[in-house]
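Residue numbers (our numbering), protein chains in the order written: chain P, 1 to 100; chain E, 1 to 406. Beta carbons are placed, not taken as given, at the ideal position from N, Cα and C, and that holds for glycine. Owing to the predicted nature of the structure, the values given are computational and were not obtained by experimental measurement. Written below as structure tokens is the structure these notes are about.
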Amino acid sequence: MRKILLCCAAGMSTSLLVSKMEKAAADEGYECEIEAVPFKINEPKIEEADVVLLGPQVRFNLKPLQERYPDLPSAAIDMMAYGMCDGASILKQAKDLLGD
Amino acid sequence: MGNWLEEKLLPAANKLAQNKFLSAVRDGVTIIIPFSIIGAFALIVGQFPVESWMAFTDQYADYIYCFSTVTLDCLGILALIGVSYNMAVQYGVDPISNVAVAVATFFMLTLSEGGVNLEVFSAAGMFCAIVVSYAVTMIYRFLVQKNITIRMPDGVPPAVSNSFTCLIPGLVCLLLAWLIRIVLNIDVNGVITALFSPLVKGMNSLPGYVLYVFLMCLLWVVGIHGDMTLAPIAEPITLALMAENMEAFKNGAAIPNIATFSPMFVVFTGTGCTIGLVINMLLSKSKRYNELGKLSVLPGLFNINEPQTFGAPVVMNPVLAIPYIGVSVILTICTWLLMQFNIIGRVCVEVPWTTPPIIGAYLATGFNIPAAIWNAIEIVISFLVYRPFFKKQEAIELEMEKAKEE
């Protein structure tokens, strides 16, 4: 069971993605848990996650995040996929990062 | 233009957003907002504009307004706790100890003849709280780095030795604070507030406020969360201005400050007032825009607009960036003037930022109907400003869709 964490400023706009990604995962039969939270460098959920995806509007947090968690796969979500709430392609981005 | 954005603005914005001090201020003052809303709720109950209700609540004013006393009148101390905690997180010292040291130091630095000074608990102490939080954290970190801490012999339980971690930083900070406040008799809060006052005055002016809105939109155009990036500078100021307004509203006095309206009158339905863009999309012949419009309309009513900003896209797209920035500047100038000449009410109640338009404008202005009507007119203005630019964008999109089909 993979844990995918999405982070943006208030955790609101990424929460729009959660259900879309869950649906894409169910269609593929990929087992994962997806959650959206506001980004904070000391967010405890980051430590529990297998992969962290940042909303593109807070992608400036990627560097501090990778400095603190060098072994945790992380990336900023592709802007167009984010805008269109394209759950399948964002799930693919997460899977690629995990090597699944 | 595109190059300038990519090469100059983007790195500068990244630096600003990654700065530890500014991040701590932003995350720290954010803790105030829920309490500000609780306090505002008491005002809404107490001042609900029905005569018989107000006659009733007048008798129970003490019962109602105690909620605003312990929230709105304590914003400074809440900021101190929030900012000193987040400074500790950013700079890697023990958060709870840092908060304790910062609170004691703040009391010492603002001590008055009668003892602990309650006046600085309010928004009047906000800037002092931020500066003290930073100074204490730096001293704390310095002492830890130089290994100047109390160490217990091996075998002493960690809980016991941890309980002494504050001792040396606390003593050093309090001695310094004592020297500044008591021996040298410096009015620390007065000095810091005076230092920040040009910034407050600048923000609380039409050109300053327009500049703030313009920069916020420009940052979004390069795909960076503009509101959040500017928050460490803008938020302490607008929260302090808002606290004065709420106090005036509670007392039935004239509302003093104008520069509190951006959430409900400029960036409502999302930064860039994108409701006009969404309506254009809903009317569009383009399949993709139609779909995006349907996807965006509900979150947009709660002032969340990332789908339309990244999906249209507004980001890195001059065709839509022009109306995005343009409509925000137009609405800022118009709203400012309407408020300055008291044609519509000023924002004097903190409402959650996700409150839908019109209702939000009505509540935030303390039940001002002209303000709610203006908010509805703003939606029409937004539609009209986006219209010609969207048409141009739509033509590009339709051609692409046609090419795909063939």
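- Judged by their CB atoms, residue 54(P) and residue 7(P) are nearer to each other than the 9 Å cut-off.
- Per DSSP, residue 19(P) is one residue of the alpha helix (DSSP H) stretching across 15-28.
- Residue contact with chain P for residue 28(E): absent (no Cβ-Cβ distance below 9 Å to any residue of chain P).
- The alpha-carbon of residue 348(E) is positioned some 27 Å away from that of residue 383(E).
- Your pair residue 110(E) and residue 92(E) does not check out as a contact, with CB atoms roughly 27 Å apart and the cut at 8 Å.
- A distance below 7 Å between beta-carbons, with the five flanking residues on each side excluded, links residue 139(E) to the following residues of its chain, in chain order: 169, 172, 173.
- For residue 24(E), the uninterrupted alpha helix (DSSP H) segment begins and ends at 20-29.
- Excluding five sequence positions before and after residue 232(E), the CB atoms of its chain that fall closer than 6 Å to its own CB belong to 22, 25, 26, given in chain order.
- Taking 9 Å as the threshold, the shortest C-beta distance from residue 21(P) to chain E does not fall below it.
- For residue 256(E), there is no enclosing beta strand (DSSP E), as DSSP gives it neither H nor E.
- Residue 38(P) sits in a strand when the DSSP states are folded into three classes.
- Residue 25(P) counts as buried, since at least 16 other C-beta atoms from the protein chains shown sit within 10 angstroms of its C-beta.
- With 16 or more neighbouring CB atoms inside 10 Å of its own CB, residue 108(E) falls in the buried class.
- Residue 295(E) sits away from residue 386(E), with the two beta carbons spaced by 9 Å or more.
- Taking 9 Å as the cut-off, the beta carbon of residue 13(E) is found no closer than this to the beta carbon of residue 271(E).
- Note on residue 27(P): under 16 other CB atoms within 10 angstroms of its CB, so exposed under the neighbour-count rule.
- Proximity of residue 74(P) to chain E, defined by a Cβ-Cβ separation below 9 Å, is not satisfied.
- For the region 82-96 of chain P, the residues whose beta carbon sits under 7 Å from a beta carbon of chain E are, in order, 82, 83, 84, 85.
- Bridge pairing for residue 15(E): absent [DSSP].
- In the DSSP assignment, residue 395(E) falls within the alpha helix (DSSP H) that extends over 369-405.
- DSSP, reduced to helix, strand and coil, places residue 296(E) within a helical segment of the structure shown.
- Interface with chain E (9 Å Cβ-Cβ cutoff): residue 40(P) is included.
- Counting the other CB atoms within 10 Å of its CB gives residue 59(P) a total of 16 or more, which places it among the buried residues.
- A straight line joining the alpha-carbon of residue 118(E) with that of residue 57(E) spans about 27 Å.
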